[in-house]
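K.L.:
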């Protein structure tokens, strides 16, 4: 008897989440299979790629190819505008790294003003990331959500410590989408989604940010958390885990030594640091997508190109 | 996948002849399914049924060994379900149409990638040789000489024969729907055959034919016409074998990403990562650059880590940021994540530091400290083993802030060093090192040191304890308004061991340091009042005064509370021995808490020598993978105890209760292990409340009481719990009523 593979599409599906407005709006999620299992059922939406622009990118994006890509951009809004030209880019992620009270402590007002300037020149959907200080982030998210009202942005992210403030302002007051961030733990991810919905944020407005890590740096925990979230959402129909997963990759991969150690200080054979960084970003992003991320956030045009080619070939 | 009794029954003669010894065919088939009796006990069973059973008990995926590596043998689709066993291997491609210089260059380039990452050699394990005419066998020989496995891609049977004349340790990747019979005739029983097909159905067709021809040593080259088809092939083949029990598809896979994205190395990198996560046994790239290896091998190491076994780094000196003998030392444990966090932060600080990694069985700092694996003795042993004092001249030693408590003991054991307490969290390291906070602290440590001559109060750790020399502080007798009710040590009632006297509690820790009786007696009284059968006494590692402290604690508790029975809980054996020396057995033998099947197995000997009960943790290094492993540990410890003259019932087996938040899918395993102990007539215990660790306070009693009821149904005879949790204690009392160990009366809860 000829072999017939069992079709294993699920009845449950991941909720679609749309960010941005008009022609450039993008939708992630919506699928009822494991990642790229097109042979079970066609994907409703391909995974999306966000481009990270840090507010200190002018000083920090020093790698030669990366610098070349942004040649001539002397402001963050100019860089954000240019980033849209990266083949494979779906949305722009503005990261307020300098707002950290232990660092430059850029004020909330300055952040909001920058967001406005960026939004004025960018047509793609916008996501924003904070500085990892829960109190400061809550303030930034509030002000930026207000400044970009109507743009349907994705706010990354509410955490257990500040979900009430972030949920109430970004999602409820300004009708933006919100990421719910937990530290690589499926139980915490479910709990945060549950209390966010209890707060009144609709499950349709939430993305899961289940943590992130670079390949080789405890990535097994992230891989298993993503695997388990997708299995729980699809196989066990767990409504509190059926949100699409957004995973920041560049924020982790460009700080490990494989990406930062200059060639002259590295062991023999390591070669060009930028190339190492690109490989780290590609490897990590590809593995995240294979485990279930519905969107990844990347920085380098070469990584974006490779990952978008892979997505296109698989869907 | 296990075959079900009913499936066998369908194939049975259904005549109930009883010749097999079972009353009915149904009963017989159920026993066969459990593996209790062989199917051949039935004289009338059909060949079909016998074949079904042998097929059903075979593993879902074959393990193929070639080129020095095992491929396949997987039993799960996701690593969290159990673990992956055979890491993806990587191959670089060569072809015979390259000229000799190009080949030499490619081989030289391949050889550059060869380094060690967390105890694992990272290099290109296979070479994929494409036959484009010319001397294939010669190239095979050349490649085999580099110590790499060989895969030969050819369409020619003559080439295959020539290669097999050189080596049999090779994959001949050649069989297609059109030619598999010819290649099978040449390769079968000699080497591994590679099978090429368009889609899963065609793989099945060829595999079925090969199996029929008696070949079960082949691999699937799942590389399809497109990336999409390749992914489908890889996933469907693996999923069908493991989840849907299609054993004919249970063979390892080759994925040639070089063919899928020729010349596009970044896309090859993305695909190599994809197929590392999803089911490639060997991934072939056009070449492996160092940059690509660094990330790809890191990913592989993570994905193929056993979720139950922590990743460990090798103990030793790790000089960071160009540290030399004049740089300060930081000491920590060998848990890989700790190492990466700490070394990463130190590197960010750019300050030269010698990072000292000690053997702590892959545990994190606090866990290792509590288990006695990261102690002043282990640090001292490390310093001796690695001869640190002569390798490093700087005398500043920075401890992790979380184990500040060890500072005094380490300072005493390493008097030449200036011991300094570092940061509690890794993220604080950069600032700490940059600000050189440790320098002032080291100077202070040096200044406060008493001259070495006065430090001669050597702690004796060998030979019998000289009890005449133990100086035991006074034992106060204070009326706490509670008496311990005399008990029958033979009683079948559930034994609760109260866990509240534990040195991790700051109050108890301080009391033990100062021999302050009252806080300890207060906690004892609370637990006894709440109905605890035993009290656990955890004094921590107590390296400097274990025997004194334990003697004092045992006498303090027993004299104040009518000889309350105790569990003596410490990694310090001499402390346990001293405690038992003064122990009164009226209300039950002392319990040694605890032994395991690994490095702590000798605590069974300690219990045997002292006629004590021992808590026997069914684990060796890390949590047992499954119940087979739990039972192996159980039987090892049982055998050891019995051979030393112990009663089987004096070993209380601990299955290790696991946290629901994190190990929810393993809870039933633990409960089933308890049943297995009970079925063998063994007693059991364990830290039951660990299940609800991290859960909200209001939820914990509900979880604990539900679990204790389920566990008592399985035969659990004891638990280490917090007796002040009324809900759980009432549940236990009620279960004892149902088990008929306690006579019911309306007010049974009040006693």
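Chains as they are written, first to last, in the numbering used here: chain V, 1 to 315; chain W, 1 to 751.
Quick reminder that beta carbons are idealized off the backbone N, C-alpha and C, glycines included.
The structure presented is a predicted model; accordingly, all values stated were derived computationally and were not measured.
If we ignore side chains and look at the alpha-carbon of each, how far apart do residue 26 of chain W and residue 34 of chain W end up?
P.N.:
Distance between the alpha carbons of residue 26 of chain W and residue 34 of chain W is about 13 Å.
K.L.:
Does the distance from the CB of residue 80 of chain V to the CB of residue 89 of chain V come in under 8 Å?
P.N.:
It is not a contact, given that the beta carbons lie outside the stated cut-off.
K.L.:
Between which two residues does the alpha helix (DSSP H) carrying residue 475 of chain W extend?
P.N.:
First-last for residue 475 of chain W: undefined, no H or E at that position.
K.L.:
Helix, strand or coil: which one does DSSP assign to residue 110 of chain W?
P.N.:
helix
K.L.:
Taking the runs of the beta strand (DSSP E) that are 3 residues or longer, which of them lie wholly in the segment 176 to 226 of chain V?
P.N.:
Here the runs fully enclosed are 177 to 181, 206 to 209.
K.L.:
For residue 125 of chain V, name the three-state secondary structure that DSSP assigns.
P.N.:
coil
K.L.:
When DSSP labels each residue in this structure, what does residue 30 of chain W get in the three-state scheme?
P.N.:
helix
K.L.:
Could you check what DSSP says for residue 406 of chain W in three-state terms: helix, strand or coil?
P.N.:
helix
K.L.:
Give the single residue among W:420, W:323, W:398, W:424 whose Cα lies nearest to the Cα of residue 364 of chain W.
P.N.:
W:424
K.L.:
Establish whether the CB of residue 200 of chain W and some CB of chain V are separated by less than 8 Å.
P.N.:
yes
K.L.:
Starting from the C-beta of residue 164 of chain V, find all residues in its chain whose C-beta is less than 8 Å away, skip the five residues before and the five after it, and write them out in chain order.
P.N.:
199
K.L.:
Can you name the residues that DSSP bridges to residue 312 of chain W?
P.N.:
W:335
K.L.:
Span of the beta strand (DSSP E) holding residue 396 of chain W?
P.N.:
396 to 399
K.L.:
Where residue 110 of chain W and residue 289 of chain W are concerned, what is the direct C-alpha to C-alpha distance, given to the nearest angstrom?
P.N.:
The C-alpha of residue 110 of chain W lies about 8 Å from the C-alpha of residue 289 of chain W.
K.L.:
Is the beta carbon of residue 95 of chain W closer than 8 Å to that of residue 120 of chain W?
P.N.:
no
K.L.:
Taking residue 283 of chain V as the reference, give the member of V:313, V:250, V:312 with the closest Cα.
P.N.:
Nearest of V:313, V:250, V:312 to residue 283 of chain V, Cα basis: V:250.
K.L.:
Give the DSSP-derived three-state secondary structure of residue 174 of chain W in the structure shown.
P.N.:
If DSSP states are grouped into helix, strand and coil, residue 174 of chain W belongs with the strands.
K.L.:
Output yes if chain V places a C-beta closer than 8 Å to the C-beta of residue 340 of chain W; else output no.
P.N.:
yes
K.L.:
Name the one or two DSSP bridge partners that residue 282 of chain W has.
P.N.:
W:89, W:254
K.L.:
Among the candidates V:222, V:203, V:307, whose CA atom is the shortest distance from the CA of residue 14 of chain V?
P.N.:
V:203
K.L.:
Straight-line CA distance for residue 112 of chain W to residue 101 of chain W?
P.N.:
17 Å
K.L.:
Please return the same chain residues whose Cβ sits closer than 6 Å to the Cβ of residue 242 of chain W, not counting the five positions on each side in sequence.
P.N.:
60, 77
K.L.:
Starting from the Cα of residue 587 of chain W, find the closest Cα among W:184, W:483, W:200 and give me that residue.
P.N.:
Of all alpha-carbon atoms in W:184, W:483, W:200, the one lying nearest the alpha-carbon of residue 587 of chain W is that of W:483.
K.L.:
Let me confirm a value: residue 245 of chain V is counted as buried when at least 16 other C-beta atoms fall within 10 Å, else exposed. Which label applies?
P.N.:
buried
K.L.:
Nearest chain V C-beta to residue 266 of chain W closer than 8 Å, yes or no?
P.N.:
Interface residue, yes.
K.L.:
Measuring only the C-alpha atoms, how far is residue 552 of chain W from residue 411 of chain W?
P.N.:
26 Å
K.L.:
Per DSSP, residue 616 of chain W forms a beta bridge with which residues?
P.N.:
When beta bridges are read from the DSSP output, residue 616 of chain W appears opposite W:595, W:653.
K.L.:
Relative to the C-alpha of residue 4 of chain V, which candidate in W:211, W:217, W:583, W:246 has its C-alpha closest?
P.N.:
When W:211, W:217, W:583, W:246 are compared, the shortest CA-CA separation from residue 4 of chain V is found for W:246.
K.L.:
Does the beta carbon of residue 199 of chain V come closer than 8 Å to any beta carbon on chain W?
P.N.:
Closer than 8 Å to the CB of residue 199 of chain V there is not a single CB belonging to chain W.
K.L.:
Which whole runs of the beta strand (DSSP E) in the segment 34 to 91 of chain V are 3 residues long or more, in chain order?
P.N.:
Within the segment 34 to 91 of chain V, the complete beta strand (DSSP E) runs of at least 3 residues are 48 to 54.
K.L.:
What did DSSP end up calling residue 58 of chain W once you bin it into helix, strand or coil?
P.N.:
coil
K.L.:
Give me, in chain order, the residues of the same chain whose beta-carbon lies closer than 8 Å to that of residue 161 of chain W; leave out the 5 immediate sequence neighbours on both sides.
P.N.:
When the five nearest sequence neighbours on each side are left out, the beta carbons in the same chain lying within less than 8 Å of the beta carbon of residue 161 of chain W are those of 186, in order along the chain.
K.L.:
Only counting the same chain, and skipping five residues up and downstream in sequence, which positions put a Cβ closer than 7 Å to that of residue 43 of chain W?
P.N.:
19
K.L.:
Just the C-alpha distance for residue 337 of chain W and residue 218 of chain V, rounded to the nearest angstrom, thanks.
P.N.:
7 Å
K.L.:
With a threshold of 7 Å on Cβ separation, who are the neighbours of residue 416 of chain W within its own chain once the five nearest residues in sequence on each side are excluded?
P.N.:
389, 395
K.L.:
Might you give, ordered along the chain, the residues of its own chain that have their beta carbon closer than 6 Å to the beta carbon of residue 404 of chain W, omitting 5 neighbours on each side?
P.N.:
421
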